[in-house]
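Chemist: Start counting the sequence shown at 77; every next residue gets the next number (the working numbering). In this text, a Cβ means the ideal position worked out from N, Cα and C, and glycines have one as well. All figures in this text were calculated on a predicted structure; none of them were measured in a lab.
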Amino acid sequence: MNPHELTIPRPVQWSQDGRSVLLLDQTLLPRQEVYLRLDTVESVAEAIASLRVRGAPAIGITAALGLAMGLENRLEEGEAGRGEEAGAGTGEADSGEGGASRTPEAPLEEGFLRDLDRLKGTRPTAVNLAWALGRLERAFRSADSAGHGPGVRDRARVEAVRREAEAIAREDQEMCRLIGEHGAGLIPAEGAGVLTHCNAGALATGGMGTALAPLYTAHARGVPLRVYADETRPVLQGARLTAWELHRAGVDVTVLTDSMAGALMKAGKVNLVMVGTDRVAANGDVANKIGTYALAVLAHHHGIPFYVALPRSTFDPEVPDGSRIPIEERDPEELTGQGEARIVPEGVRTWTPAFDVTPAHLVTAFITDGGVLRPPYGPKIARLLEGA
Numbered sequence: 077m078n079p080h081e082l083t084i085p086r087p088v089q090w091s092q093d094g095r096s097v098l099l100l101d102q103t104l105l106p107r108q109e110v111y112l113r114l115d116t117v118e119s120v121a122e123a124i125a126s127l128r129v130r131g132a133p134a135i136g137i138t139a140a141l142g143l144a145m146g147l148e149n150r151l152e153e154g155e156a157g158r159g160e161e162a163g164a165g166t167g168e169a170d171s172g173e174g175g176a177s178r179t180p181e182a183p184l185e186e187g188f189l190r191d192l193d194r195l196k197g198t199r200p201t202a203v204n205l206a207w208a209l210g211r212l213e214r215a216f217r218s219a220d221s222a223g224h225g226p227g228v229r230d231r232a233r234v235e236a237v238r239r240e241a242e243a244i245a246r247e248d249q250e251m252c253r254l255i256g257e258h259g260a261g262l263i264p265a266e267g268a269g270v271l272t273h274c275n276a277g278a279l280a281t282g283g284m285g286t287a288l289a290p291l292y293t294a295h296a297r298g299v300p301l302r303v304y305a306d307e308t309r310p311v312l313q314g315a316r317l318t319a320w321e322l323h324r325a326g327v328d329v330t331v332l333t334d335s336m337a338g339a340l341m342k343a344g345k346v347n348l349v350m351v352g353t354d355r356v357a358a359n360g361d362v363a364n365k366i367g368t369y370a371l372a373v374l375a376h377h378h379g380i381p382f383y384v385a386l387p388r389s390t391f392d393p394e395v396p397d398g399s400r401i402p403i404e405e406r407d408p409e410e411l412t413g414q415g416e417a418r419i420v421p422e423g424v425r426t427w428t429p430a431f432d433v434t435p436a437h438l439v440t441a442f443i444t445d446g447g448v449l450r451p452p453y454g455p456k457i458a459r460l461l462e463g464a
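1) According to DSSP, simplified to helix, strand and coil, what is I366?
2) Return the CA-CA distance between P451 and N359, expressed in angstroms with no decimal places.
3) If you follow the alpha helix (DSSP H) that M341 is in, where does it begin and where does it stop?
4) Does the structure place the stretch 206-217 close enough to the stretch 359-369 that three or more beta carbon pairs sit under 8 Å?
5) Quick check for students: name the residue ranges of the beta strand (DSSP E) that lie wholly in the stretch 361-441, counting only runs of 3 or more.
6) Does the contact criterion of 3 or more C-beta pairs under 8 Å hold for the stretch 432-444 versus the stretch 324-342?
7) Does the CB of R217 have a neighbour CB from chain D at under 8 Å?
8) Exposed or buried, what is S177 when buried is set at 16 or more other beta-carbons lying within 10 Å of its beta-carbon?
9) Cβ of R400 within 8 Å of Cβ of V203?
10) Evaluate the contact criterion for the stretch 94-104 versus the stretch 128-148: three or more CB pairs, one atom per stretch, below 8 Å.
11) DSSP state of D306, grouped into three classes?
12) In the DSSP assignment, what residue or residues form a beta bridge with W90?
13) Could you please give me the residues that DSSP links to Y357 through a beta bridge?
14) Excluding the 5 residues flanking D301 on each side, which residues of the same chain have their C-beta closer than 7 Å to its C-beta?
15) Using the three-state DSSP reduction, which class does N284 fall into: helix, strand or coil?
16) Give me the Cα-Cα distance between V395 and A357, rounded to the nearest whole angstrom.
17) Let me check understanding here. Comparing Cα to Cα, which of K456, A436, R388 lies closest to D397?
18) Inspect the CB distances between the stretch 312-322 and the stretch 277-285 and report whether three or more fall short of 8 Å.
19) Among T390, T426, G415, K196, whose alpha-carbon lies nearest the alpha-carbon of D407?
20) What would DSSP say about V311, mapped onto helix, strand or coil?
21) At which residues does the alpha helix (DSSP H) containing G210 begin and terminate?
22) Identify whether L271 lies in helix, strand or coil by the three-state DSSP scheme.
23) Who are V110's beta bridge partners in DSSP?
24) Within its chain, find whatever has a CB closer than 8 Å to the CB of G367; leave out the 5 residues flanking it on each side and keep chain order.
As structure tokens, this is what we get:
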């Protein structure tokens with residue numbers, strides 16, 4: 077068996093006609109497997125903000141496809157409007173220098189920038205979101221006109237942005253494969269008990285995942301694994317998503333509550349911890365789903381390796397350390413209720429950060445698409461990014 081033969085879901089892709097974003101609604105898993113067809117930038121923004129898609133790489137891909145779709149829609153609407161105006165007009169054209177017909181390009185750019193800002197504001201902690209949108213903005217601005225005439229430059233920009241969005245999705249698949257290859261070598265050939273937190277698998281990326289990619293690769297090679305998935309309160313991404321996709325792929329998985337992790341380690345059932353991340357600062361501090369810091373402290377106390385898996389796009393060299401990483405606050409209702417049932421008394425305050433920061437000194441190694449990084453992290457992260 078090879079990793080490509082595993083039953084791995086694709087959380088985000090183009091619709092069959094290539095005109096919409098097709099998204100697996102992760103808020104409905106594991107009860108229902110429903111794909112949403114998103115036709116507007118606003119619907120894509122809502123899906124990201126409401127966790128219908130989550131995981132830093134998948135968020136970046138979704139935003140990129142959504143922004144490209146929105147730009148193409150804006151161009152088509154503009155062309156249709158100009159056609160109607162031409163049909164209703166007197167035949168006189170708005171002329172620029174030399175009498176050549178010119179079409180204002182500002183409306184397309186203004187709409188593109190509004191869409192970009194709307195998407196960028198949905199999840200502030202995940203660095204892949206801003207990274208992917210930044211790539212599309214650069215593609216938009218660097219697109220050259222293929223000739224002269226109405227709309228030619230706009231069409232070139234639309235095509236450049238779509239190509240860049242599709243390149244981001246393709247690159248993520250390859251990055252996941254490489255993370256799997258590099259990380260599988262850290263898993264003992266005789267097998268291991270692996271503890272993971274939240275979901276950093278196929279549902280969080282465009283490929284096999286980050287933290288789960290080494291597990292999928294090792295499993296495909298016949299390495300015996302028992303994966304322990306923290307339920308990951310309050311939204312239960314481990315219980316709902318990680319357990320769903322691992323079980324679907326035939327990987328032995330056991331779910332436990334977050335508060336059981338220390339007892340599991342003390343019982344000797346965990347050989348290593350492997351998690352993903354939404355952003356890593358230049359010094360190696362790690363922002364990941366709330367509860368990750370506690371696992372790192374527990375792993376350090378029990379002498380268990382603590383690995384963080386990520387593509388190089390998740391490193392943020394602009395942020396010197398974890399204290400500068402913005403931490404998203406979630407809706408209190410994610411904590412106060414489960415479905416229709418309220419579990420916190422009315423009037424009681426809540427604290428609902430979506431992420432915490434694990435100091436670099438608690439990380440045994442980073443598993444990246446460019447190889448395994450060990451301390452000291454600062455200079456090695458810088459070198460890795462210089463070669464990107």
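Modeler: Well, looking at it:
1) coil
2) 10 Å
3) 337-342
4) no
5) 362-365, 382-385, 431-434
6) no
7) Of the protein chains in this structure there is only one, and it is not chain D.
8) Caution is warranted here: a pLDDT of 38 is assigned to S177, below 50, making its placement in the model unreliable, and no coordinate value can be reported.
9) no
10) yes
11) strand
12) V97
13) Sequence inspection shows Ala at residue 357; the Tyr mentioned does not correspond to that position. DSSP, once it has assigned bridges, lists D392 as partnering A357.
14) Before going on, a small fix: residue 301 reads as Leu here, not Asp. Excluding sequence neighbours, L301 sits near G267, A268, V270, L291, A294, H295, V327, D328.
15) Looking at the sequence itself, residue 284 is Met, so the reference to Asn does not match. Residue state, collapsed to three classes: coil.
16) 5 Å
17) A436
18) yes
19) T426
20) coil
21) 203-218
22) strand
23) For V110, which the question treats as bridged, DSSP gives no partner whatsoever.
24) H273, C274, D306, T308, R309, D334, D432
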